[in-house]
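full-length UniProt numbering puts the sequence shown at residues 1 to 518.
The structure appears below as structure tokens.
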Amino acid sequence: MPAIDDYELMMHGVQAVRRLVEGLACPINGASGIRAQFFPHQVQNVQRILSSTQIRFLIADEVGMGKTVQALMVAHAMRYQSGKIRVKVVVSNSELKSQWIKEFCRIDKEVKESEGVAWIDNGKDSEDFCNVMDESELPPYSRTLDPLSMDLLIVDEPQNLSVDSLRYLSDRAADFPAILLLTATPNFRDLRRFCELLQILEPERMEFCRRQASADGHERQPSDGGDEAVTSGRLRLRDLDTESLQRVFNLFEQLSLEGADEKSLIAESGSTTLSGMPQYQIDRVLFDAKSTYRHVLLSSREDYPQHLPRRKLKSMLVEPTAVETQRMSLARQACHVSEILSHTEQLSLLQRGCLGGQSIATFTRYLTGQDDEKRQAISPMLEFVKKEQADCRLDALVDWLSEFWRKDPTRKAVICAGDDATVRELAEELSWRLPQIGKRGCRVPLKIVMAESNAVGGSDLRGLSGADAEQWRRSAESTVEPYSTGKTQLLVASDEYGQAINLQCSDVLILLFVALAC
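Below, the structure written as structure tokens:
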């Protein structure tokens with residue numbers, strides 16, 4: 001085999017360096033190395049983040065528009081450029097922690113779950129990892145949120161964090177090398193919350209404005225003893241009263257516009273300096289340079305109607321039978337006697353009266369067994385809660401589901417049934433009314449999963465933390481697992497499962513909690 005001369009070796013090396021430089025010159029190349037379908041708004045947001053001199057952005061897209069995918073795209077691009085990256089993700093509860101771990105494992109084939117929940121190893125180097133922590137694991141903050149231990153900090157739903165956690169992030173925002181905030185419900189109307197976000201996104205500019213306001217003698221420290229001025233070294237942004245905070249924000253806006261106003265900004269867009277650029281590039285340059293919201297990325301489904309699926313809300317008006325109308329009338333009459341039923345019992349009676357079926361029958365028998373006054377007020381309803389009586393809501397549901405599955409028997413549906421009695425009744429009625437679904441000649445059996453509250457201890461995830469929250473999550477996931485994995489077409493769930501159902505794998509969500517028109 002002939003030897004390769006020095007010139008050919010040099011040319012191979014030059015071409016290798018050229019490919020490397022071309023890859024680094026386009027940051028979106030590294031961001032595309034994940035297993036996900038990209039949408040235009042995701043590519044646009046990631047390109048804007050990676051093109052910035054500092055990665056400090058708030059991604060405030062609507063629910064379901066892939067904020068997690070965008071954050072992982074940014075992490076991949078940073079990893080592609082530097083060779084390795086250390087990412088920390090902060091979430092408010094253990095449920096979000098589990099979702100992040102599963103999302104990382106689903107999108108990135110190199111991400112492996114280690115010991116179930118704590119952290120994910122996505123590389124051969126021990127320094128190349130992603131650590132997902134819920135808020136209960138943060139203290140002490142100086143150790144878990146050490147800026148030297150991370151290259152990228154991702155905070156999911158920062159508005160749900162405690163005051164102490166948010167203040168720590170705000171006070172030390174300048175020390176973090178890169179920050180991404182993810183939320184679908186940003187609070188821009190609350191001045192204090194908005195300034196805390198600006199403190200995280202642009203710490204140097206906000207600190208300059210705070211010190212400038214202090215130098216002008218405007219800042220005051222609220223105290224019980226009076227309104228005494230304090231030095232800027234002792235005062236932080238969170239300690240300012242509303243009036244002083246407004247002055248700081250006004251200075252921030254003036255600094256962003258460089259002392260100009262909106263009219264002069266419009267005039268600048270038509271100046272000779274920028275006249276050779278397309279209008280969309282002029283708008284982008286001025287926005288990135290002088291907008292107060294330049295570090296906020298906000299996309300909605302209406303902005304991309306041709307690319308994103310949109311939710312369709314369909315209301316079904318069901319005319320009640322005479323029995324159901326009389327039942328609701330008696331329920332309202334019983335609720336008017338406030339000294340007999342408690343407020344909770346009144347709400348439950350009206351709600352179950354709308355649902356009908358075994359839910360109202362069981363609750364009515366329970367109330368009549370309490371005392372003589374309740375028995376006298378509730379006993380007339382016993383004639384209108386019998387099982388053999390017609391249920392217009394159930395009849396309409398069966399007709400709609402039959403048509404829904406006639407086109408495609410593999411489609412999946414979730415029914416939010418309310419309580420366990422309704423869950424069991426719906427599963428029983430649908431199993432014999434719709435034993436098979438699909439077109440005639442190619443029908444398949446209907447498989448139903450019941451998710452009752454007793455499987456998760458009769459409570460939802462709210463208010464749980466630590467081991468209790470983890471136990472709840474495992475119980476709920478094991479219950480709905482046949483539906484999530486595609487083994488069944490229908491899930492009938494009680495209210496407690498609202499935070500455990502993945503609607504991404506569902507074709508339709510059916511809500512039964514709509515009052516009858518009676």
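Note that the Cβ used here is the ideal one computed from N, Cα and C, for glycine as well.
Same chain, Cβ closer than 6 Å to residue i, five either side skipped, listed in chain order
i	result
H41	S299, Y304
Q99	none
Q389	V323
A178	I55, L152
residue 519	No statement about residue 519 is possible, as the shown extent of the chain runs from 1 to 518 and does not include it.
V423	A417, M450, E452, V492, S494
Cα-Cα separation between residue i and residue j, rounded to whole angstroms
i	j	result
L161	V508	32 Å
P140	S506	40 Å
W400	M133	43 Å
L240	S494	46 Å
A173	L197	10 Å
S52	S484	39 Å
R411	W405	7 Å
V21	A77	14 Å
I360	L446	27 Å
D61	M206	24 Å
M316	R193	40 Å
G13	T68	38 Å
I510	K312	12 Å
S379	T364	8 Å
S431	S402	12 Å
Q370	G356	21 Å
E157	A16	42 Å
K386	K97	46 Å
R474	G486	18 Å
S142	T368	59 Å
Within 8 Å, strictly: CB atoms of residue i and residue j
i	j	result
A213	L255	no
I448	L512	no
V89	I154	yes
F104	L180	no
C392	T488	no
H343	L201	no
S92	E137	no
L340	A377	For clarity, residue 340 is Ile in the given sequence; the question names Leu instead. A contact, by the Cβ cut-off of 8 Å.
P482	R443	no
L245	N45	no
E425	Q358	yes
L491	A451	yes
Q70	I55	no
Residue i, buried or exposed, once every other Cβ within 10 Å from all chains shown has been counted against 16
i	result
T185	exposed
F188	exposed
E8	exposed
H336	exposed
R18	exposed
G353	buried
P435	exposed
L347	exposed
K439	exposed
D164	exposed
R327	buried
T242	exposed
A215	exposed
Contacting residues, own chain, Cβ-Cβ under 7 Å from residue i (five flanking each side not counted)
i	result
T362	A421
D175	P147
A75	I85, V87, L152
L350	A331, C335
F249	L191, C195
Q47	I28
Q199	S170, A173, M206, L237
Y366	none
D419	S359, S494
R167	R238
Cβ shell of residue i (< 8 Å), same chain only, five flanking positions each side left out
i	result
residue 519	This structure cannot speak to residue 519, because the chain is shown only from 1 to 518.
S82	D151
E429	L394, V398
residue 520	In this structure the chain extends from 1 to 518, so residue 520 is not present and cannot be described.
Residues that DSSP places opposite residue i in a beta bridge
i	result
D146	Answer is none; D146 lacks a bridge partner.
V91	D134
D164	Paired residue(s): none; D164 is not in a bridge.
residue 537	Nothing in the structure corresponds to residue 537, since the chain is present only between 1 and 518.
D156	L182
S494	G418
Q436	P445
P352	Correcting the residue identity first, residue 352 is Arg in this sequence and not Pro. None, per the DSSP bridge assignment.
A451	A493
F252	DSSP lists no partner for F252.
Residue-chain proximity (residue i, chain D), Cβ-Cβ < 8 Å
i	result
T488	Of the chains in the structure shown, none is chain D; there is only one protein chain.
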